[in-house]
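The numbering of the sequence shown is my numbering, which starts it at 302 and goes up by one.
Note that beta-carbon positions come from the ideal geometry of N, C-alpha and C, so glycine has one too.
Just so it is clear, the structure is predicted and the values come from calculations on it, not from any experiment.
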Amino acid sequence: MRAEDGNLWNDPQEAQKLMRERQSLDDNIKAIKGLSQALDDNIGLIEMGEEEGDADIISEAETAIRSLAGEIRARQIESLLSGEADQNDTYLEVHAGAGGTESQDWANMLLRMYTRWAERRRFKVEVLEVHDGEEAGIKSATLLIKGHNAYGWLKTESGVHRLVRISPYDSNARRHTSFSSIWVYPVVDDSIEIDVSESDVRIDTYRSSGAGGQHVNTTDSAVRITHIATGIAVACQAERSQHKNKAKAWEMLRSRLYEEELKKREAIANATESAKTDIGWGHQIRSYVLQPYQLVKDLRTGVESTSPSDVLDGDLDDFMEASLSQRIEGGAGQAVADLD
302 MRAEDGNLWN DPQEAQKLMR ERQSLDDNIK AIKGLSQALD DNIGLIEMGE EEGDADIISE
362 AETAIRSLAG EIRARQIESL LSGEADQNDT YLEVHAGAGG TESQDWANML LRMYTRWAER
422 RRFKVEVLEV HDGEEAGIKS ATLLIKGHNA YGWLKTESGV HRLVRISPYD SNARRHTSFS
482 SIWVYPVVDD SIEIDVSESD VRIDTYRSSG AGGQHVNTTD SAVRITHIAT GIAVACQAER
542 SQHKNKAKAW EMLRSRLYEE ELKKREAIAN ATESAKTDIG WGHQIRSYVL QPYQLVKDLR
602 TGVESTSPSD VLDGDLDDFM EASLSQRIEG GAGQAVADLD
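Encoded structure:
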C-alpha cells in the first residue's frame, strides 16, 4: 500500500492528500459495515418477535429499519460528493438584490438560514465580512464554513433566491417580492496553484462596519481585493489587523478564481450555463412564499416544503440532495413552474 511506503513523506503535500483519501475510505467502509450489521440485527429481531408473538419488538425493529433507510440515503448522497474540491471547506457569500430594506432583510434571513444549516451539521462558521443595511438587514456578507464536504453540500446553492411575503416594513401590509443571491466557492489549499499577482488586482482598504461596540474597528483595517481581468471582488473585515484581513482576502480571491475554473470545466462537460445571473425575476433557483400560503419550491428539481419556517431554520438537506443527484445524473431536468 502506498500509505505504508517509507518514502511517502518525502512529499508532504502528496502524503497528506493520500492520508485524507485513506481516512475517507476507512470512514465509508466502517459506515457501510455498521449499517449492514444494524440491518441484519433488526431483521433478526423481527423474526424473533414473530416467533414469540411480541408486537413491541417488531415495532421497535421496524422503526429502527426506517431510520436506517434515512442514513443509507444520506450515505448515497455523500458518495456523490466526489468532485475535485467537494471535501474542502467553503466560502458562502450573500448579496441583497435591488429593493432596499426588503431585499436587505431577506439577505439577512438567508445568512441566518445557512448559518443554522451549518450548525446542524456541526460545521464551524466564521463571519468574514458583513455590510449592514441602512435601516435593517445586510447588503452583503461572507461566511467561511469549515467541515467535511462543506463545499460539496453547498455548491448547488449558488443562485438567486426569491421571497414572497407581507412586508413588515409596509404600513399598508402589501405583499412584496424580494431577491437575494448566494454564491458558494471552495477554500483552496497550497497544493492547488493559482497564478495571480498584485499587478493583476486592485486593493482597497476601508473601515469595518457592524452593529457597533468594542468589536468594530475604528481604523481602515478591512480589505477588499478586486481581480481586474474578471471583476471578481472579495472582502474581509473579520480580523482587527489589516495585514491579517489582507492575507485572508488573498486566500478568498484564489478560491474564487479556482471556483471559476471548476465551473468552466463543468460547463464544458455538461453543456450547461453558469448559475451566476442577475439578482432578479426570471433567474431564481428557489422561491420561498410566506403569504398568502406557505411553500418553498426549488425551480430546478421541483422539490417542495410546506414548512418555510423549518427551511429558514436550516432544514435544507432535501433540496441539496435533490440538486446534487440531478447534477450527478446530468442535465437540467424538466422545467419547473415557479410559484405565484
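Report yes or no: do the stretch 384-395 and the stretch 468-475 share at least 3 C-beta pairs separated by less than 8 Å?
-> Contact between the stretch 384-395 and the stretch 468-475 is absent, with fewer than three C-beta pairs closer than 8 Å.
Are the beta-carbon atoms belonging to A397 and S481 less than 8 Å from one another?
-> Contact annotation: A397 and S481 have beta-carbon atoms nearer than 8 Å.
First and last residue of the uninterrupted beta strand (DSSP E) at A408 | Where A408 is concerned, there is no enclosing beta strand (DSSP E), although the alpha helix (DSSP H) it sits in stretches over 402-421.
Expressed to the nearest angstrom, what Euclidean distance is found between the alpha-carbon atoms of M414 and I344?
-> Straight across, the Cα-Cα distance linking M414 with I344 is about 39 Å.
Identity of the residue in L412, K318, K456 nearest S441 by Cα = Among L412, K318, K456, the Cα nearest to that of S441 is on L412.
Within 8 Å, strictly: CB atoms of I529 and R503 = Result yes, Cβ atoms of I529 and R503 sit closer than 8 Å.
Boundaries of the alpha helix (DSSP H) in which A534 is found, first to last residue = Where A534 is concerned, there is no enclosing alpha helix (DSSP H), although the beta strand (DSSP E) around it starts and stops at 534-537.
Give me the Cα-Cα distance between L340 and A375, rounded to the nearest whole angstrom.
-> In this structure, the CA atom of L340 is about 16 Å from the CA atom of A375.
DSSP bridge partner residues for I439 (one or two, in chain order) = DSSP output for I439 lists D433 as bridge partner(s).
Considering only C-alpha positions, which residue in the set L455, V485, A550 is nearest to G615?
-> The shortest Cα separation from G615 among L455, V485, A550 belongs to L455.
Taking only the alpha-carbon atoms, compute the straight-line gap between G438 and K564 and give it to the nearest angstrom.
-> So the two alpha carbons sit approximately 30 Å from each other.
Do you know how far the Cα of L596 is from the Cα of V590?
-> Just so you know, the alpha carbons of V590 and L596 end up roughly 5 Å apart.
Limits of the beta strand (DSSP E) - the one that Q585 falls within = Boundaries of the beta strand (DSSP E) harbouring Q585: 585-590, taken from the DSSP string.
Presumed contact (8 Å Cβ cut-off) between D639 and L613, rounded CB distance = No, D639 and L613 are not in contact; Cβ-Cβ is about 19 Å, not under 8 Å.
Grouping DSSP H, G and I as helix and E and B as strand, with all else coil, what is D505?
-> In this structure, D505 counts as strand in the three-state DSSP scheme.
Please determine, among I347, I495, T506, V535, the residue with the shortest C-alpha to C-alpha distance to V485.
-> Per the Cα distances, V535.
Secondary structure at D312, three-state DSSP: helix, strand or coil?
-> It is coil, neither helix nor strand.
E436 to M553 span [Cα, whole Å] = Near 29 Å, if we compare the C-alpha coordinates of M553 and E436.
Mind checking A643: buried by the 16 CB within 10 Å criterion, or exposed?
-> In the structure displayed, the chain extends from 302 to 641; residue 643 sits before or after that span and is not available.
Measure the Cβ-Cβ separation of R628 and T478 and say whether it is below 8 Å.
-> Taking the C-beta atoms as reference points, T478 is found no nearer than 8 Å to R628.
Helix or strand or just coil, what does DSSP make of T457?
-> Looking at T457 - three-state DSSP - the assignment turns out to be helix.
Helix, strand or coil for E540 per DSSP?
-> DSSP places E540 outside both helix and strand once states are collapsed to three, so it counts as coil.
Where DSSP assigns a beta bridge to I467, which residues make up the other side?
-> Under DSSP, the beta-bridge partners assigned to I467 are R476.
Any C-beta of chain C sitting closer than 8 Å to the C-beta of S441?
-> Considering every chain present, this structure includes no chain C. It has just one protein chain.
In chain order, what residues of the same chain have a beta carbon less than 6 Å from the beta carbon of L558, not counting five sequence neighbours either side?
-> Here the set comprises I495.
Under the rule that 16 or more other beta-carbon atoms within 10 Å means buried, what is L326, buried or exposed?
-> L326 should be labelled exposed.
List the residues that DSSP assigns as beta-bridge partners of W551.
-> DSSP output for W551 lists no bridge partner at all.
Does DSSP put Y594 in a helix, a strand or coil?
-> In this structure, DSSP gives Y594 a state outside helix and strand, which the three-state scheme calls coil.
Would you mind stating whether A332 and L429 have Cβ atoms separated by less than 8 Å?
-> Taking 8 Å as the Cβ cut-off, A332 and L429 do not qualify as a contacting pair.
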